[in-house]
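This report concerns only the one structure given below.
Protein chains: 2
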Amino acid sequence: MAGAIVNGAESLVRTLVAGGVDVCFSNPGTSEMHFVTALDRVEGMRCILGLFEGVVTGAADGYARMTDKPAATLLHLGPGLANGMANLHNAHKASSAIVNIVGDHAVYHRRYDAPLTSDIESAAKTVSSWVRTSPDAKSVAADGAAAIAASLTAPGQVATLILPADTAWNEGAGVAPLPPVEKPKPVAKEAIVEAARVLRSGEPTVILLGGRALRQGALELAGKIAAKTGARLIAEGSVARTERGAGRVAVSRLPYPVDQALDMLKDVRHLILVGSRTPVAFFAYPNKPSLLVPKQCESHLLARRSDDIAHALEWLADEVGARGEKAPIVPYAKTTPATGAITPETLGQSLGALLPENAIVADESITTGRGFAKATRASRPHDWLQNMGGSIGLCMPLSVGAAVACPDRKVVSLESDGSGMYTLQALWTQAREKLDIVTLIFANRTYAILRHELTNVGAQNVGRKALDMLDIDRPDLDWVAMARGMGVPGTRVETMEAFNASFADAVATRGPSLIEVVL
Amino acid sequence: MAGAIVNGAESLVRTLVAGGVDVCFSNPGTSEMHFVTALDRVEGMRCILGLFEGVVTGAADGYARMTDKPAATLLHLGPGLANGMANLHNAHKASSAIVNIVGDHAVYHRRYDAPLTSDIESAAKTVSSWVRTSPDAKSVAADGAAAIAASLTAPGQVATLILPADTAWNEGAGVAPLPPVEKPKPVAKEAIVEAARVLRSGEPTVILLGGRALRQGALELAGKIAAKTGARLIAEGSVARTERGAGRVAVSRLPYPVDQALDMLKDVRHLILVGSRTPVAFFAYPNKPSLLVPKQCESHLLARRSDDIAHALEWLADEVGARGEKAPIVPYAKTTPATGAITPETLGQSLGALLPENAIVADESITTGRGFAKATRASRPHDWLQNMGGSIGLCMPLSVGAAVACPDRKVVSLESDGSGMYTLQALWTQAREKLDIVTLIFANRTYAILRHELTNVGAQNVGRKALDMLDIDRPDLDWVAMARGMGVPGTRVETMEAFNASFADAVATRGPSLIEVVL
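These protein sequences, in sequence, are chains A and B. Numbering-wise, this note's numbering puts 239 at position 250 of the first sequence, and it's gapless, one number per residue. Numbering-wise, this note's numbering puts 14 at position 25 of the second sequence, and it's gapless, one number per residue.
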């Protein structure tokens, strides 16, 4: 290739690889063809096809959570972005680093308003922290490098780079160097002093953990501080990635139901925020508060999500003299799987007993899984990934990204039948890439959470027409058939004995599989 | 219910029904629960569940095309809108009337930036002609009526109404009356005179038809004008709804490939635009023009899509003395189905022979179907619906809407395996609602169009990594299994004899079915 002219697309792919971005989740179209063909000329970029853009963006989210670095995406104009937007929303709320590349019409072609023309920038801004449209082929490499740096800006961001087609096919520049990356910021001394004062006060205090405070090292520091001062540790309702199970410090999460959350915090006088925010209700409900803290409770910011959380906790531990404390590490508790009827409780028990060492759990089990965290508290060590943006249809794509990031770990995908239908195309990518994922579909034949929410919002006299909008039976979905249609072997289980056998089998066998768990 | 307090949601549902909007395609969440429960208290609204929002919005598009009036949608916050956006983009480009209702957080809850919070208005504006957020429950009914009127504004629009949850549960007003609707505008006399002058000039002239110029009445007028003046009739490359087949005036469409389109128009001196625009290439390509008309060609606007096209054509017919002409109506041509190997040509031949009377054809067959229009030119009369926005994944949802709109007509859904995967969830809605749709999946195991586009954009030296992004084999999709998983019976055919038998069977049997056509 010596002396060959490098087009904009190739300069971008080379810049991505040089900048450490070596996985691209992709659903390309005409305007991205030069990027695609550059893949064959550039060593070191793994490109993974999704048959729907929600798979692509959710996978990039999962990859970022497990590697703390970005994958690239490759999406086709405004509609490609639109199809990927719900999971970009989730990634944005999770502070996941993504270099989100969206092709557009050639710059000179936009004025003709061809069918696929739309306002990509405005749409992208709703789910990105950084958006740039490359003006010409010579700028693409530098814009790509800037996108990598933006994505890595602490704690991680969705950076959208819009790539008009002619910037891909015209002559590009060389590889652009990575600009300086904005690292996590050290916290101010005042914040440490204030938190220490509160902790010494003896008043009921909760250390509310979010973001990277749920990684093992930070958790141990928080555990020591709690042990020394008597403060309680609680995690935000959703956390992008929690290192948990045996050998880690266990933390309860703030529950989703407003009344339970209020109850958990009812006597608290001080909240120390560590990578977290003062907790708010997921939804508003008539006659319930938006803020989940009692009136007398004061919030004290120790560290934002974008701050250097581990450093702040070290400093605070020193300040309160907790460095020598013993963190409350959970020992492994050997348990036995449940037998008999399938219920949320028996499922939790079996998961707790059977979860393999070092598993990655992607969790969108919503109502069925409410008790799973407690049931796996002392299981073999594992990572737990939650939906941070509330847009369902994340779990199966997220599992794709986690499995690509960590090929030597088993991914356990906890999915519900309602949520799973949004992005079921992820199963095909799991099959093509032979990813080591077992998907559990909790088939309760309804959007169960909405049946609870009917009560929560005060809706009364619910009749057949309303229930038809919540129940997803008639016809029942056959997940085993759908999975087989996409190349993933599946089984259906209706007893815990069958579940235990199928799950153990899936754990022991490398590659994708699916278990439809009939509730 | 006398004297009962009506909440905002119920006032909206009552206003919709009173305004003629009696179908709602829906994928609701917590913030839409009051709307859902109001369905049981209000007579006359049919609510249809989709398991993914792209099904909901594409169905509303199909419904609008077949009824010329809006359905409502019901989507859940920003991510619900995002999932429906690609097909809203298509509907927007098709000028389809849709009352697009998006729930949001309660007004007072937005400031807390809960997980599902996003900038819904900015996203909605990229695919809507009208966007309004209802400020309070008393305004919801009037805002709903305004949305109906906006959606009906000629030629039809996507009108997005954002509904904060508290505007649904607080006390509403009564039913709001429908404001005046902006009807199609009569064209100016100058446009008629100018078009007539061009038509009399004897210079090579094309009457380029778009929008409602492709409905039977307008087509006959255009046919008379062409017969009288020697002008050629050509349709835009994509048309939302064409009434065609035996008994109608046949019009060739401008082809998708740029070189073929340029060739079709190469000698043209004048274009008379009737519900159409000067044609542009779908994509830009290196060294090819964006505009598809030759340099010497002049465009003359007779009628915009939003103008009264039928009236303009009547007037022009009078002006050129064509009212007494005989329109070139296509007689029915009885043909025989093809036998032997399955190819795009043999499929076209069989479709032409077997298409049932009054069928609605939803067409996203892309490469496989390029010759289908010609092959069905003199088939039994039917309507043909095309993708107007270029965002694939429209066809199966569009079929849902068309079938709901026209329960006494067979819908023939021409889908490709690549495009079909974007919104395959539509099959479940077809099963639940027992819609009379036969879906043909043309399974060529590739994004075939992208293989053409590689050449068009000048990409060279295509290798395995690039082809992996275009081919959707490994594993092959099993559409029969996936359809069965959603309750739709299917068969796979590998010869034309088998295709003919399966298709005839599907036409004769009421309800949904799927045929995987292996190419």
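Idealized CB from N, CA, C, for every residue including glycine. Bear in mind that the values here come from a model prediction, so they are computed numbers and not experimental data.
Give a yes or no on whether 8 Å exceeds the smallest Cβ distance from residue i to chain A.
| i | result |
| --- | --- |
| residue 385 of chain B | no |
| residue 433 of chain B | no |
| residue 68 of chain B | yes |
| residue 227 of chain B | yes |
| residue 461 of chain B | yes |
| residue 325 of chain B | no |
So is residue i in contact with chain B if we call contact Cβ pairs under 8 Å?
| i | result |
| --- | --- |
| residue 205 of chain A | no |
| residue 19 of chain A | yes |
| residue 41 of chain A | yes |
| residue 442 of chain A | yes |
| residue 410 of chain A | yes |
| residue 375 of chain A | no |
| residue 75 of chain A | yes |
| residue 388 of chain A | no |
| residue 161 of chain A | no |
| residue 397 of chain A | no |
| residue 2 of chain A | no |
For residue i, collect the residues of the same chain with a Cβ closer than 8 Å to its Cβ; drop the 5 residues on either side in sequence, then sort them by chain order.
| i | result |
| --- | --- |
| residue 88 of chain A | 5, 10, 59, 60, 61, 62, 133, 136, 137, 140, 148 and 150 |
| residue 310 of chain A | 217 |
| residue 226 of chain B | 242, 243, 244, 245, 250, 268 and 271 |
| residue 113 of chain B | 70, 89, 91, 120, 149 and 151 |
Checking 8 Å against the spacing of the C-beta atoms, do residue i and residue j come in under that value?
| i | j | result |
| --- | --- | --- |
| residue 365 of chain B | residue 344 of chain B | yes |
| residue 72 of chain A | residue 24 of chain A | no |
| residue 428 of chain B | residue 385 of chain B | yes |
| residue 394 of chain B | residue 425 of chain B | no |
| residue 224 of chain B | residue 240 of chain B | yes |
| residue 505 of chain A | residue 432 of chain A | yes |
| residue 83 of chain B | residue 46 of chain B | no |
| residue 234 of chain A | residue 380 of chain A | no |
| residue 443 of chain A | residue 406 of chain A | no |
| residue -4 of chain A | residue 126 of chain A | yes |
| residue 142 of chain A | residue 110 of chain A | no |
| residue 451 of chain B | residue 328 of chain A | no |
| residue 457 of chain B | residue 38 of chain A | yes |
Applying the criterion that 16 or more other CB atoms from any shown protein chain within 10 Å of the CB defines a buried residue, is residue i buried or exposed?
| i | result |
| --- | --- |
| residue 409 of chain B | buried |
| residue 0 of chain B | buried |
| residue 249 of chain A | exposed |
| residue 209 of chain A | buried |
| residue 177 of chain B | exposed |
| residue 420 of chain A | buried |
| residue 100 of chain A | exposed |
| residue 257 of chain A | buried |
| residue 190 of chain A | exposed |
| residue 284 of chain A | exposed |
| residue -10 of chain A | Reliability of the predicted coordinates at residue -10 of chain A is poor, the pLDDT of 40 falling under 50, and no value is obtained from them. |
| residue 322 of chain B | exposed |
| residue 182 of chain A | exposed |
Between residue i and residue j, how many whole angstroms is the CB-CB distance? I'm expecting something under 8 Å.
| i | j | result |
| --- | --- | --- |
| residue 154 of chain A | residue 92 of chain A | 6 Å |
| residue 404 of chain B | residue 353 of chain B | 5 Å |
| residue 507 of chain A | residue 331 of chain A | 7 Å |
| residue 340 of chain B | residue 50 of chain B | That belief does not hold up - the Cβ atoms of residue 340 of chain B and residue 50 of chain B are roughly 23 Å apart, past 8 Å. |
| residue 469 of chain B | residue 484 of chain B | So it is not a contact: roughly 16 Å between Cβ atoms. |
To which residues of the same chain is residue i closer than 7 Å at the C-beta, ignoring the five residues directly before and after it?
| i | result |
| --- | --- |
| residue 228 of chain A | 199, 203 and 375 |
| residue 362 of chain A | 242 |
| residue 291 of chain B | 176, 180, 184, 261, 262, 263, 301 and 305 |
| residue 325 of chain A | 342 |
| residue 167 of chain B | 8, 134, 137 and 138 |
| residue 475 of chain B | 416, 417 and 420 |
Which residues in the same chain have their Cβ closer than 6 Å to the Cβ of residue i, if we skip the five residues on either side of it in sequence?
| i | result |
| --- | --- |
| residue 213 of chain A | 306, 311, 314 and 316 |
| residue 445 of chain A | 274 |
| residue 439 of chain A | 459 |
Compare the C-beta of residue i against all C-beta atoms of chain E and say whether one is closer than 8 Å.
| i | result |
| --- | --- |
| residue 28 of chain A | Of the protein chains in the structure, A and B, none is chain E. |
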